[in-house]
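> Line order of the protein sequences matches chains A and B.
So in the working numbering, spot 184 of the first sequence is number 184, and the numbers just go up one at a time.
So in the working numbering, spot 88 of the second sequence is number 1088, and the numbers just go up one at a time.
Note that the Cβ used here is the ideal one computed from N, Cα and C, for glycine as well.
Number of protein chains: 2
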Amino acid sequence: MPKNKVSHNVVLRLPRYLRYLEELRVRNVVRISSGELGQLMGITASQIRQDLSCFGGFGQQGYGYNVDMLIKEVSDILGIRHERTAIVIGAGNLGRAIIGKFPFQQYGFRLTGAYDLAENLIGEQIGPVAIRHMNQLATDLQSAPPDIAVLTMSSNSADAIAEQLIAAGVRGLWNFTNVDLTVSNPNVVVENLPFSDSLLTLNYYMTHGTNRDSTDK
Amino acid sequence: MPKNKVSHNVVLRLPRYLRYLEELRVRNVVRISSGELGQLMGITASQIRQDLSCFGGFGQQGYGYNVDMLIKEVSDILGIRHERTAIVIGAGNLGRAIIGKFPFQQYGFRLTGAYDLAENLIGEQIGPVAIRHMNQLATDLQSAPPDIAVLTMSSNSADAIAEQLIAAGVRGLWNFTNVDLTVSNPNVVVENLPFSDSLLTLNYYMTHGTNRDSTDK
DNA sequence: TAGATTGTTAATCGATTAACAATC
DNA sequence: TAGATTGTTAATCGATTAACAATC
Chain A
1 MPKNKVSHNV
11 VLRLPRYLRY
21 LEELRVRNVV
31 RISSGELGQL
41 MGITASQIRQ
51 DLSCFGGFGQ
61 QGYGYNVDML
71 IKEVSDILGI
81 RHERTAIVIG
91 AGNLGRAIIG
101 KFPFQQYGFR
111 LTGAYDLAEN
121 LIGEQIGPVA
131 IRHMNQLATD
141 LQSAPPDIAV
151 LTMSSNSADA
161 IAEQLIAAGV
171 RGLWNFTNVD
181 LTVSNPNVVV
191 ENLPFSDSLL
201 TLNYYMTHGT
211 NRDSTDK
Chain B
1001 MPKNKVSHNV
1011 VLRLPRYLRY
1021 LEELRVRNVV
1031 RISSGELGQL
1041 MGITASQIRQ
1051 DLSCFGGFGQ
1061 QGYGYNVDML
1071 IKEVSDILGI
1081 RHERTAIVIG
1091 AGNLGRAIIG
1101 KFPFQQYGFR
1111 LTGAYDLAEN
1121 LIGEQIGPVA
1131 IRHMNQLATD
1141 LQSAPPDIAV
1151 LTMSSNSADA
1161 IAEQLIAAGV
1171 RGLWNFTNVD
1181 LTVSNPNVVV
1191 ENLPFSDSLL
1201 TLNYYMTHGT
1211 NRDSTDK
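1) Would you tell me roughly how many angstroms separate the C-alpha atoms of B/I1077 and A/M206, rounded to the nearest one?
2) Would you say A/P146 lies against chain B (beta-carbon separation less than 8 angstroms)?
3) Which bits of chain A does B/H1082 rub up against, with CB to CB less than 7 angstroms?
4) So the alpha helix (DSSP H) B/V1067 belongs to, where does it begin and stop?
5) Closest Cβ-Cβ distance between B/L1121 and chain A: below 8 angstroms?
6) For the beta strand (DSSP E) that A/T85 lies in, which residues bound it at each end?
7) What whole-angstrom Cβ distance do B/L1121 and B/M1134 have, given they're in contact under 8 angstroms?
8) What distance in whole Å lies between the Cβ atoms of A/V188 and A/R171, which are believed to be in contact at a cut-off of 8 angstroms?
9) Beta-carbon separation of A/L24 and A/V67 under 8 angstroms?
10) What I want to know is whether the C-beta of A/T201 ends up closer than 7 angstroms to one or more non-hydrogen atoms of the ligand ATP.
11) What's the call for B/N1185, buried or exposed, on a 16-neighbour Cβ count within 10 Å?
12) Assuming A/D147 contacts A/A86 (C-beta within less than 8 angstroms), just tell me the rounded distance between them.
13) State the start and end residues of the unbroken alpha helix (DSSP H) segment that holds A/I99.
14) Taking the beta carbon of A/N203 as the centre, do at least 16 other beta carbons fall within 10 Å, making it buried, or is it exposed?
15) Please check if any C-beta of chain A sits within less than 8 angstroms of the C-beta of B/R1019.
16) I'd like to know if B/R1049 contacts chain A, where contact means its C-beta is closer than 8 angstroms to some C-beta of that chain.
17) Go ahead and pull the three-state DSSP assignment for A/I131.
18) Give me the Cα-Cα distance between A/S196 and A/Q60, rounded to the nearest whole angstrom.
19) State the Cα-Cα distance for the pair B/S1154 and B/G1042, rounded to the nearest angstrom.
20) Which term fits B/G1062, buried or exposed, when burial requires 16 or more other beta carbons within 10 angstroms of its beta carbon?
21) Give the interface partners of B/R1016 over in chain A, defined as CB-CB distance under 7 angstroms, in chain order.
22) Compute the Euclidean distance between the alpha carbons of B/L1052 and B/R1019, then round it to the nearest angstrom.
23) Note down the Cα distance separating A/G38 from A/L14, rounded to an integer number of angstroms.
24) Mind pulling the chain A residues with CB within less than 7 angstroms of B/V1011?
25) Starting from the beta carbon of A/L70, find every residue of chain B whose beta carbon is closer than 8 angstroms, and list them in chain order.
26) Taking any Cβ of chain B, which residues in the segment 96 to 113 of chain A have a Cβ under 9 angstroms from it, in chain order?
27) Along the alpha helix (DSSP H) that carries B/G1172, what are the first and last residues, could you check?
28) Between A/S198, A/D180 and A/T201, which lies nearest to A/E241 when the distance is taken from Cα to Cα?
29) With DSSP as the reference, please indicate the residues paired to A/E275 in a beta bridge.
30) Where does the unbroken alpha helix (DSSP H) through B/Y1017 begin, and where does it stop?
31) On the criterion of 16 or more Cβ atoms from any shown chain inside 10 Å, does A/S143 qualify as buried, or is it exposed?
32) Within its chain, find whatever has a CB closer than 8 angstroms to the CB of B/V1030; leave out the 5 residues flanking it on each side and keep chain order.
33) Where do the ends of the alpha helix (DSSP H) carrying B/G1113 lie?
34) Is A/L181 helix, strand or coil by DSSP?
35) Would you say A/T210 reaches chain B, if we count a Cβ-Cβ gap shorter than 8 angstroms as a contact?
36) For B/L1165, which of B/R1084, B/V1088 and B/G1095 has the nearest alpha-carbon?
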């Protein structure tokens, strides 16, 4: 569908566009120009138009973009239309937070299972799912592998479990453990989200100053 | 301390260098060349040398880099040496996960408080801290504002609380809510970590294929 | 219509990669 | 010493910004 090559940087900005557009919709804003949106997001109007033009012409000269329509378009680009299934591996506090609070539906996902090793958690109902024991995972995967798995268990089992999931046909890994997963299968997509990297980035700028562009002597 | 301008991209890679180096140390690897490290991380040797050279010459011709020494240097660059204090706002599952599991110490932080609105949580001890009521925050901030605050409460109070924290002297915000915080004060650093962006990026590549570079017809 | 704003092409800027002399 | 690998300069590549004709 994309007209040209779409750079990774563009892909990273798309979800942010969507968030800002949804906030505009909440505020009952009907139309927005690239100039206004850029000001809101702290980026140039040029960049917005350039980014969107990778996927089509969604605006109108002299008018700008219809917020509702652009939300639909960006959602489609991000694949939200495809209903996908997800399971969560690990029902500790992080797993619970994600199972209970994360709005999977809003992003086109349906939560179909959650797994943990701790006996005392098995059977507990959180949000839409009941926690099952890890030793049931293999069987469950065989009957109906989910599209993605959310990894919130401890880092040391990450590689082995990832391998098992991929062998069963899981096509996406949303990885909250602190080890980068690298997967050879080119049909499997991995998104690593190491919290520590984010804190260290914060710490860097607290230490060296936030003047990313200024001429520091 | 940095010799030249340090681009944001470089800063984003530093924590990842640190993670890989620490893994090498665990595996008792004493020295590593930019070539080997690059292969491990999936980036070019040139990039590693270029990145590190922003901060100094840490290697040795014909030898490469001493792992231990480079860990120290990168840690220093990232400001881990500075002992900093942190509080967590919000003691729901996500807050608990972070309070209980995140290795703040390893990154130079000391957790000094946690706050929530829910009466039934007040006083509960998690890891090193006892949960206090949000209405004590103002007083606590007055006597000893922390260096950073970790925001894990619901998005709708984010702006107001951020403002309160900054007014009290907090210099860094590690923001897990789903709204971007933008802060006018140039001395305050914000790191937004919206989970949804990450899931949508995953979804994009699942939808369009992961061939970031291949010539897609 | 006149004004506003798009999509796109061209110009600029910055980041990554390649190359190599220096040297451990 | 010969081989390996750095730090750095130069070349390439890609991403962002600027400009503008097209047009709602």
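Let me spell this out:
1) 11 angstroms
2) no
3) T207
4) V1067 to I1077
5) No, B/L1121 lies away from the interface with chain A (no Cβ there is under 8 angstroms from its Cβ).
6) R84 to I89
7) Not confirmed; about 11 angstroms, so no contact.
8) Here A/R171 really is in contact with A/V188; their C-beta atoms are around 6 angstroms apart, less than 8 angstroms.
9) Yes, the pair counts as a contact, with Cβ atoms nearer than the cut-off.
10) With respect to the ligand ATP, the structure shown offers nothing to examine, as it has no ligands at all.
11) Counting of Cβ neighbours within 10 angstroms places B/N1185 among the exposed residues, the total staying below 16.
12) 7 angstroms
13) N93 to K101
14) buried
15) Taking Cβ atoms only, chain A reaches closer than 8 angstroms to B/R1019, which makes this a yes.
16) Not closer than 8 angstroms to any Cβ of chain A, the Cβ of B/R1049 fails to qualify, so no.
17) strand
18) 43 angstroms
19) 37 angstroms
20) Exposed: under 16 other Cβ atoms inside 10 Å.
21) D197
22) When rounded, the distance between both Cα atoms is 15 angstroms.
23) 13 angstroms
24) T201 and Y204
25) Among the residues of chain B, none has a CB under 8 angstroms from the CB of A/L70; the nearest is roughly 15 angstroms distant.
26) R96, A97, I98, I99, G100, K101, F102, P103, F104, Q106, Y107, G108 and F109
27) Taken as a continuous stretch (DSSP letters only), B/G1172 belongs to no alpha helix (DSSP H), being part of the beta strand (DSSP E) at G1172 to N1175.
28) Nothing about residue 241 of chain A can be read from this structure; chain A reaches only from 1 to 217.
29) This structure gives no information on residue 275 of chain A, because the portion of chain A shown stretches from 1 to 217.
30) H1008 to V1026
31) When all chains shown are included, A/S143 counts as exposed.
32) Same-chain partners within the cutoff: N1066, V1067 and D1068.
33) For B/G1113, no alpha helix (DSSP H) segment is defined; the enclosing uninterrupted segment is the beta strand (DSSP E) at F1109 to D1116.
34) coil
35) yes
36) B/V1088
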